[in-house]
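Student:
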Amino acid sequence: MTIIRVRLCETDRVDYGIDGEPLPDVLTVDLEALKDITAAELEGLDRALNTPLALFLEPLERWDLRTAQVGRVAAWLAVHQYGSKVPFDDFQPRLLRARFDREVQADPPAGPSEYSSEAVPAESFSAA
2 MTIIRVRLCE TDRVDYGIDG EPLPDVLTVD LEALKDITAA ELEGLDRALN
52 TPLALFLEPL ERWDLRTAQV GRVAAWLAVH QYGSKVPFDD FQPRLLRARF
102 DREVQADPPA GPSEYSSEAV PAESFSAA
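With positions in the sequence shown counted from 1, the corresponding number in our numbering is that position plus 1.
Structure (C-alpha cells):
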C-alpha cells in the first residue's frame with residue numbers, strides 16, 4: 002500500500018482551504034483506496050483531470066513526485082480527498098514550495114480495505 006503525504010505551503014493551504022479555513026499542514030492520498038473507487042467515481046476524476054487517472058497510478062506509486070504533473074495530481078487528489086472542490090484546471094499550487102513524502106507499507110489483504118469506497122463516502126473522491 003502506498004500513501005502520499007502532501008505538505009502545501011501556507012499560502013496554498015489558505016488559497017485552497019474550505020469555507021475560509023486553511024487546509025491542514027499535512028494531507029494524504031491513499032493509492033490503495035483510489036483503486037477501490039467505483040467506475041462512476043473514476044469517470045468523474047478522469048473528467049476533472051482531463052485525462053485518465055489510471056495513467057498516474059504507477060507514477061504516483063514509483064516516480065519522483067517532484068515532477069510537476071505528478072506532483073500537481075498528487076496534491077489535487079489530497080486536497081479533494083480532504084473535501085476541497087477546487088477544479089483541477091484552477092489548481093495551481095506552488096509545487097517547489099510543497100513537500101511530498103511517499104510511504105510504502107506491506108501489501109494489504111485482497112478485498113476492500115478500511116480506506117476503500119465502501120468505508121469512505123463517495124464524495125471524498127468526487128471531482129465535482
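Yeah, the Cβ is synthetic: ideal placement off N, Cα and C, and Gly gets one too.
Would you identify the three-state DSSP class for L24, choosing helix, strand or coil?
Tutor: DSSP places L24 in coil when its eight states are reduced to three.
Student: For the putative contact between A69 and L96, defined by C-beta atoms under 8 Å, what is the C-beta separation to the nearest angstrom?
Tutor: About 6 Å; that satisfies the 8 Å criterion.
Student: From the DSSP output, in three-state form, read off V15 for me.
Tutor: Correct three-state label for V15: helix.
Student: My output table needs one value for D102: the three-state DSSP class, helix, strand or coil.
Tutor: DSSP places D102 in strand when its eight states are reduced to three.
Student: Please classify A41 as buried or exposed, where buried requires at least 16 other C-beta atoms within 10 Å of its C-beta.
Tutor: Per the 10 Å Cβ criterion, exposed.
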